[in-house]
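Student: Pasting a structure below so you can have a look.
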Amino acid sequence: MANELYIDVTAQDEKIAYLKDRKLTEFYQEKKGKSIVVGDVFVGSIKKILPGNNAAFLNIGLEKDAFIHYSDLGPNIKSFSRFSRIGLQGGLRKTGLEKFQLEPETLKTGNVSEVLKRNQQILVQVLKEPISSKGPRVTTEITVAGTYCILIPFHESINISKKIVERPERSRLKSIVNKYKPKNFGFVLRTAAQNVSEEMLKKDIEDLLKIWTSMVSKLNGAQTGDKVLGEPSFSISIVRDYLGIGLTNIVTNDAENHKQIENYLQHSNSPALQVLKLHKGQDSVFEHFGINKQLKTSFGKTVSFSSGSYLVIEHTEALHVIDVNSGSNHKKEKSQEENAHQINLEAAREIARQIRLRDMGGIIVIDFIDIKKPAFKKEIVNELITAMKSDRANHTILPMSKFCVVQLTRERVRPETNIVTEERCPMCQGTGKVNSSQNIENDIESSVKYIAHTLNLKKVKILTHPFISAYFKKGLISKRFRWRLDYNLKVDLKPDSSLHYGEFHIFDENDEEIKL
7 MANELYIDVT
17 AQDEKIAYLK
27 DRKLTEFYQE
37 KKGKSIVVGD
47 VFVGSIKKIL
57 PGNNAAFLNI
67 GLEKDAFIHY
77 SDLGPNIKSF
87 SRFSRIGLQG
97 GLRKTGLEKF
107 QLEPETLKTG
117 NVSEVLKRNQ
127 QILVQVLKEP
137 ISSKGPRVTT
147 EITVAGTYCI
157 LIPFHESINI
167 SKKIVERPER
177 SRLKSIVNKY
187 KPKNFGFVLR
197 TAAQNVSEEM
207 LKKDIEDLLK
217 IWTSMVSKLN
227 GAQTGDKVLG
237 EPSFSISIVR
247 DYLGIGLTNI
257 VTNDAENHKQ
267 IENYLQHSNS
277 PALQVLKLHK
287 GQDSVFEHFG
297 INKQLKTSFG
307 KTVSFSSGSY
317 LVIEHTEALH
327 VIDVNSGSNH
337 KKEKSQEENA
347 HQINLEAARE
357 IARQIRLRDM
367 GGIIVIDFID
377 IKKPAFKKEI
387 VNELITAMKS
397 DRANHTILPM
407 SKFCVVQLTR
417 ERVRPETNIV
427 TEERCPMCQG
437 TGKVNSSQNI
447 ENDIESSVKY
457 IAHTLNLKKV
467 KILTHPFISA
477 YFKKGLISKR
487 FRWRLDYNLK
497 VDLKPDSSLH
507 YGEFHIFDEN
517 DEEIKL
């Protein structure tokens, strides 16, 4: 199975495409100079407490205030709050937590006003980027992600990725982390940690503790809105998250970006270093490997997925709606029920790809083609569940209703990816109305008259649509011939099929365009 990452770096942004078996599955785009990304840690100040919503708004130095719910505070909020206060006041002599006295854990049913106060300063980590009119969502349960492990302060537990299923391997990993983890630090073992040597796991733990130490050392004198921990470069963070699936190809077009990824993979001793390549061609990475073509055919309101079948994808403020249509896909050898069932199965696989590709979040409603057999309905839902298993975002899929509608929710972390696949019509400029042929004729006639009388030229060349060119040439005494008699101007009409119906360009004898 091929798992490939293609990175296209420009002066404005970085675009990353993940291809599974040569098919575009996920797409990421990050603007250069972006002030906030998921995983950044800021010094926040409580601006408003909302007891009714059991939440609060914080100032973290952005245009929109951040939002935090009581459930995002975590059971050790009292310990973390005291740790933040001491650190911001310059009272932390050591960055470790071995001698830090933990406070009692809070209840899940508690109230936000019991643990947070207005104008209180506290460290928060970005969970979700600003979306639409909403500010970022943050949490006080800080985590630091590494290549193989994720560090969680104020915890003692060791959790292992569910994708690592072999019991001996799970026991080995847990034993290694237990051997090197400090007191009051918990860890999560990522999928990429499977079969990794003890030496590399130890090194990853040490690196994470260094990052934690660096963050804590920045607290002394930090002010509201200061960033004390930033995610690595956009490309590295994406590459890091994909190492667990076994990348077979990593291609980037930027030498500096290539060097950063190379250093990271060397440092983490990852086998992915062997598949890292620098693209040196004249065309872009996305153009050379056919990704632009896949982007154009995969985005838009209508998406074809089989011979004649297609999806219609609509977006509202509250939810996404996906409608499955059979179109002209009718197989004579099958009954209507069986044909609809087959199309629904293919649609389920394409819908799972579209959800990941567009990074759709929130509520998603899917209207499948109507079928009656309960066994068919169950099979379609199972196909969707199977296709969504590789999605790293948290999601929940409900059973199919009697009307063949499936509802699912998916974690929303960043704004939905949207690629514009429609272009403004050059003829009507999006108005839906075009000049009449009489107006086009008058425009060209007026231009010819102006050139002859005002510019005093004797010869010009006019590029125009083939239909218009033929119109001015037709007949024994054509329009072009009359211009020669009336204006003493020789006009060379050149048809150009690339021009739209009402477009024309006039050039002088030196082949320089005349702007009128």
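Start counting at 1 in the sequence shown, then tack on 6, and there's your number in my numbering. Even for Gly, the Cβ is constructed at its ideal location relative to N, Cα and C.
1. Could you give the distance in angstroms between the alpha-carbon of Ala17 and the alpha-carbon of Lys38?
2. Starting from Thr415, follow the alpha helix (DSSP H) in both directions and report where the run begins and ends.
3. Assign Glu356 to buried or exposed, taking buried as 16 or more other Cβ atoms, counted over all protein chains shown, within 10 Å of its Cβ.
4. Could you tell me the distance, in whole angstroms, from the CA atom of Cys410 to the CA atom of Gln348?
5. Report yes if the C-beta distance between Ser51 and Leu64 is below 9 angstroms; otherwise report no.
6. Per DSSP, which residues does Leu195 bridge with? Please list them.
7. Going by CA-CA distance only, name the one from Pro405, Gly236 and Gly192 that's closest to Val222.
8. In chain order, which beta strand (DSSP E) runs of at least 3 residues are fully inside the region 250-285?
9. Closer than 6 angstroms by C-beta to Thr427: which residues in its own chain qualify, once you throw out the five before and the five after it? Chain order, please.
10. Considering only the alpha carbon of each residue, which of Tyr248, Tyr270, Ile256 and Gly102 lies closest to Arg196?
11. With three or more C-beta pairs closer than 8 angstroms as the rule, is the region 181-189 touching the region 108-122?
12. At a cut of 8 angstroms, does the region 30-37 reach the region 357-377 through at least three beta carbon pairs?
13. Any contact between the region 446-460 and the region 489-499? By contact I mean 3 or more CB pairs, one from each, below 8 angstroms.
14. Using the DSSP secondary-structure output, state which residues sit across from Val466 in a beta bridge.
15. What is the rounded straight-line gap between the Cα of Tyr477 and the Cα of Gly296?
16. What do you reckon, are the CB atoms on Val150 and Pro142 nearer than 9 angstroms?
17. Could you pull out every residue in the same chain whose Cβ sits closer than 8 angstroms to the Cβ of Ser41, ignoring the five residues on either side in sequence?
18. Sort Glu109, Trp218 and Ser138 by Cα distance to Ile156 and report the nearest one.
19. On the CB-based measure, 16 or more other CB atoms within 10 Å of its CB, does Asn269 come out buried or exposed?
20. Suppose you measure from the CA of Thr415 to the CA of Asp46; what does that come to, to the nearest Å?
21. With a threshold of 8 angstroms, are at least 3 pairs of Cβ atoms found where one atom belongs to the region 467-474 and the other to the region 507-521?
22. Mark Lys21 as exposed unless 16 or more other C-beta atoms lie within 10 angstroms of its C-beta, in which case mark it buried.
23. Does the Cβ-Cβ distance between Phe240 and Tyr12 come in under 9 angstroms?
24. Quick one: give me the first and last residue of the alpha helix (DSSP H) that Gln348 is part of.
Tutor: Quick look at the numbers:
1. Taking the Cα positions, Ala17 is about 8 angstroms away from Lys38.
2. Not the alpha helix (DSSP H): Thr415 falls in the beta strand (DSSP E), residues Val411 to Arg416.
3. That one is buried.
4. Approximately 14 angstroms between the Cα atoms of the pair.
5. Going by C-beta atoms, Ser51 is nearer than 9 angstroms to Leu64.
6. DSSP output for Leu195 lists Cys155 and Ile166 as bridge partner(s).
7. Answer by Cα proximity: Gly236.
8. Look at the region 250-285 and you find these whole runs of beta strand (DSSP E), each 3 residues long or longer: 255-258 and 282-284.
9. Because the pLDDT at Thr427 is just 48, under 50, the model does not fix this residue reliably, and the value given afterwards should be weighed accordingly. Cβ neighbours of Thr427 within its own chain (closer than 6 angstroms, five residues either side excluded): Lys302, Phe305 and Gly306.
10. Checking every option, the nearest Cα to that of Arg196 belongs to Tyr248.
11. Short answer: they don't touch.
12. As far as the Cβ criterion goes, the region 30-37 touches the region 357-377, which means the pair count is three or higher.
13. The region 446-460, when compared against the region 489-499, does touch it at the 8 angstroms Cβ threshold.
14. Beta bridge pairing from DSSP links Val466 with Val497.
15. Between Tyr477 and Gly296, the alpha-carbon positions lie close to 41 angstroms from each other.
16. Not a contact, by the Cβ cut-off of 9 angstroms.
17. Its chain contains Leu68 as the residues whose beta carbon lies nearer than 8 angstroms to that of Ser41, once the 5 sequence neighbours on both sides are disregarded; these appear in chain order.
18. The shortest CA-to-CA distance from Ile156 to any of Glu109, Trp218 and Ser138 is the one to Trp218.
19. With fewer than 16 other CB atoms across the displayed protein chains lying within 10 angstroms of its CB, Asn269 is exposed.
20. One C-alpha to the other measures close to 25 angstroms.
21. With a cut-off of 8 angstroms, the region 507-521 and the region 467-474 count as touching, because enough Cβ pairs lie within range.
22. Its Cβ being crowded by 16 or more others within 10 Å, Lys21 is buried.
23. Taking 9 angstroms as the Cβ cut-off, Phe240 and Tyr12 do not qualify as a contacting pair.
24. Here the alpha helix (DSSP H) through Gln348 covers Gln342 to Arg364.
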